[in-house]
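Trainee: Sequential numbering from 1459 applies to the sequence shown in the numbering used here.
Take this structure, written in structure tokens, and hold onto it; I'll ask about it next.
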Amino acid sequence: MPTKDTKAASGPHSTYADQEITGQSALPISRIKKIIQLDEDIVQCSSNATFLVAMATELFIQYLTEQGHNVVKSERKPRKTIQYKDLATAVSRIDNLEFLADVIPKTTTYKQFKEKRAKETAKEAEVEKGQRTLNGAAPASAGDAVSETEKRIKAQAGEEKKILPHPHPLSSSKTPLPRRLNGRCPLQLIRNCSLAMSLSAASTSLLRACARQQLSPSSRAVVTSCQRNSSSFDSPFASKDSTLKIPDFSKYSSKKSPRSNQVFSYFMAGSLGLASAVGAKATVQDFLVNMSASADVLAQAKVEIGLASIPEGKNVIIKWRGKPVFIRHRTQGEITEAQDIDWKTLRDPQSDEERVQKPEWLVMLGVCTHLGCVPIGESGDFGGWFCPCHGSHYDISGRIRKGPAPLNLEVPQYNFPDEDTLVIG
């Protein structure tokens, strides 16, 4: 625990930086050492480790006390004492201290205990006050019932005692008395047994009388009459003849054969199903047509070009889907040059055969793969295309050879319907 100097330095605005660690905890160092050694995995504990545990304990207690002090001071009417509930509130507000929630005792004041007991007593009194017996009267107290029962049992026991002392008519004075069994005479045992039986019979009759007294006069009369006159009830369902009558609906049934009714039902069901299918088809068809491309979009989807007007060694630029398309009629020398290059060493390795369907015709999009500029044809360091925006050079097959462009020029989908016709798209 903190020393006097530490306690004097502690306060709502003090921190641990300006306080001195004394190393004197509530537990002696020797006891802390024994507690640590209870663990089977720890063979021994050094003095330095024990002192460290003691110092940490002192810091933790000091911190927890300060948090409880802050809880007390934050109330409307600050108190001068710290209670368990203040520490519980402090633990609930501090992170990583959930393990202390079950350690702090749950206490209550004597005033709260008295109020709780008074409420329970009042609740029990209300329950007893609302109880009633069968005849509507309030229930008798337990002491009165016991006293009345004891009086009746004693009275019946006295009557039995008056009857038992008379000698049996068959017994004579000359008959020898039997031996005593365990210090008691057999006659005395018989008397005791008969007395117990009479007491049990008296208690049974007393209970029956008490139950009858609890009933109202009208209910008692009904019970008595039922006991004296046993009546029988003749049920109408006990007769042998069945009274169940099923109505006849034959006059409401159809006069036609069941087969004709089935044909009509199937025809109506089939007609309704066919009409529903036609309506559903029309609805789905209209929906799909609205989602499909319009006529102007479909017109731009494909472009047909005549190749007879393009001379050898020349380029033609057309517009397809809003983009330029380069069409070059290559010479034999350009074809040989494009095929002789070691395409495996290029940035985007692709052979010339993969990029063309016919060696003499090269078709590709005129959009630079760097930032989308339009390259210039028949220029650049490799005799192909050159992008003036950032200096990308493409060869005669449209492959990137130099500059920032990462990929070759894109080749669109096209085909040759005949020898002199090209269709793109």
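Ideal placement from N, C-alpha and C gives every residue a C-beta, glycine not left out.
On a predicted model such as this, the values are computed, not experimentally measured, just so you know.
How many Å lie between Lys-1569 and Ala-1548 at the Cα?
Mentor: Each residue's alpha carbon lies about 24 Å from the other.
Trainee: Under the assumption that Leu-1829 contacts Ser-1855 (Cβ atoms under 8 Å), give the Cβ distance between them as a whole number of angstroms.
Mentor: Between Ser-1855 and Leu-1829 the Cβ distance is about 22 Å, and since that is not below 8 Å, they are no contact.
Trainee: Assign Arg-1575 to one of three DSSP states: helix, strand, or coil.
Mentor: Three-state result, Arg-1575: helix.
Trainee: What is the DSSP secondary structure of Ser-1488, reduced to helix, strand or coil?
Mentor: It is helical.
Trainee: Between the beta-carbon of Phe-1874 and the beta-carbon of Leu-1867, is there less than 8 Å?
Mentor: No, they are not a contact pair.
Trainee: Which whole-angstrom value describes the C-beta separation of Gly-1835 and His-1851, a residue pair presumed to lie in contact below a C-beta threshold of 8 Å?
Mentor: Contact flag wrong, Cβ pair sits at about 12 Å.
Trainee: Could you tell me which of Tyr-1542, Glu-1811, Lys-1714, Ile-1775 sits nearest to Val-1832, measuring between CA atoms?
Mentor: The option with the nearest alpha carbon to Val-1832 is Ile-1775.
Trainee: Could you name each continuous beta strand (DSSP E) segment of 3 residues or more that falls completely within the region 1746-1828, going from the start of the chain to the end?
Mentor: Within the region 1746-1828, the complete beta strand (DSSP E) runs of at least 3 residues are 1761-1764, 1773-1778, 1781-1787, 1819-1823.
Trainee: Which residues in the same chain as Gly-1849 place their Cβ atom closer than 6 Å to its Cβ, once the five residues preceding and following it in sequence are excluded?
Mentor: So the qualifying residues of the chain are Gly-1861.
Trainee: At the level of alpha carbons, what is the spacing between Gly-1737 and Ser-1750?
Mentor: Each residue's alpha carbon lies about 20 Å from the other.
Trainee: Please return the same chain residues whose Cβ sits closer than 7 Å to the Cβ of Met-1822, not counting the five positions on each side in sequence.
Mentor: Once the five neighbours on either side are set aside, the close Cβ partners of Met-1822 are Phe-1784, Gly-1856, Leu-1867, Glu-1868, Val-1869.
Trainee: Under the criterion of a Cβ to heavy atom distance below 7 Å, does Phe-1745 qualify as lining the ligand FMN?
Mentor: Among the components of this structure there are no ligands whatsoever, and the ligand FMN is therefore not found.
Trainee: Could you tell me the alpha carbon to alpha carbon distance between Arg-1551 and Val-1585, rounded to whole angstroms?
Mentor: Cα-Cα distance, rounded: 43 Å.
Trainee: Is DSSP giving Thr-1539 helix, strand or coil here?
Mentor: Three-state DSSP puts Thr-1539 in coil, outside helix and strand.
Trainee: Among residues of its own chain, excluding the 5 on either side of Trp-1778, which ones have a beta-carbon nearer than 6 Å to its beta-carbon?
Mentor: Contacts found: Val-1761, Ile-1882.
Trainee: Please report the residue range of the beta strand (DSSP E) in which Lys-1713 lies.
Mentor: Careful: Lys-1713 lies outside any beta strand (DSSP E) and carries neither H nor E.
Trainee: Would you call Ala-1546 buried or exposed, if buried means 16 or more other Cβ atoms sit within 10 Å of its Cβ?
Mentor: Under this definition Ala-1546 is a buried residue.
Trainee: Just the Cα atoms here: how many angstroms apart are Lys-1709 and Asn-1719?
Mentor: About 17 Å.
Trainee: Return the chain-ordered list of same chain residues with a C-beta closer than 8 Å to the C-beta of Phe-1844, the five sequence neighbours on each side being excluded.
Mentor: Closer than 8 Å at Cβ, skipping near neighbours: Pro-1833, Ile-1834, Ser-1837, Gly-1838, Ser-1850, His-1851, Tyr-1852.
Trainee: Which word fits Pro-1627, buried or exposed, when buried means at least 16 other C-beta atoms lie within 10 angstroms of its C-beta?
Mentor: Unreliable positioning characterises Pro-1627 in this predicted model, as indicated by a pLDDT of 40, which lies under 50. A coordinate reading is not provided.
Trainee: Would you mind stating whether Gln-1797 and Asp-1810 have Cβ atoms separated by less than 8 Å?
Mentor: In this structure, Asp-1810 lies closer than 8 Å to Gln-1797 by Cβ.
Trainee: List the residues that DSSP assigns as beta-bridge partners of Ser-1837.
Mentor: According to DSSP, Ser-1837 bridges with Gly-1842.
Trainee: What are the partner residues of Asn-1873, as DSSP defines its beta bridges?
Mentor: Asn-1873 pairs with Val-1881.
Trainee: For Gly-1771, count neighbouring Cβ atoms within 10 angstroms of its own Cβ and tell me buried if that reaches 16, exposed if not.
Mentor: It counts as exposed.
Trainee: Where Lys-1543 and Glu-1578 are concerned, what is the direct C-alpha to C-alpha distance, given to the nearest angstrom?
Mentor: Their Cα atoms are separated by approximately 25 Å.
Trainee: Compare the Cα-Cα distances from Arg-1859 to each of Cys-1826, Gln-1790, Asp-1878 and report the closest residue.
Mentor: The option with the nearest alpha carbon to Arg-1859 is Cys-1826.
Trainee: Hey, could you find the ends of the beta strand (DSSP E) Lys-1860 is sitting in?
Mentor: Per DSSP, Lys-1860 belongs to the beta strand (DSSP E) from 1858-1860.
Trainee: What separation, rounded to the nearest whole angstrom, lies between the Cα atoms of Ala-1759 and Pro-1782?
Mentor: If I take the Cα positions, the gap works out to 14 Å.
Trainee: Is His-1851 helix, strand or coil when you go by DSSP?
Mentor: In this structure, His-1851 counts as strand in the three-state DSSP scheme.
Trainee: How should Glu-1877 be labelled, buried or exposed, when 16 other C-beta atoms within 10 angstroms of its C-beta is the threshold for buried?
Mentor: Exposed, by the Cβ-count rule.
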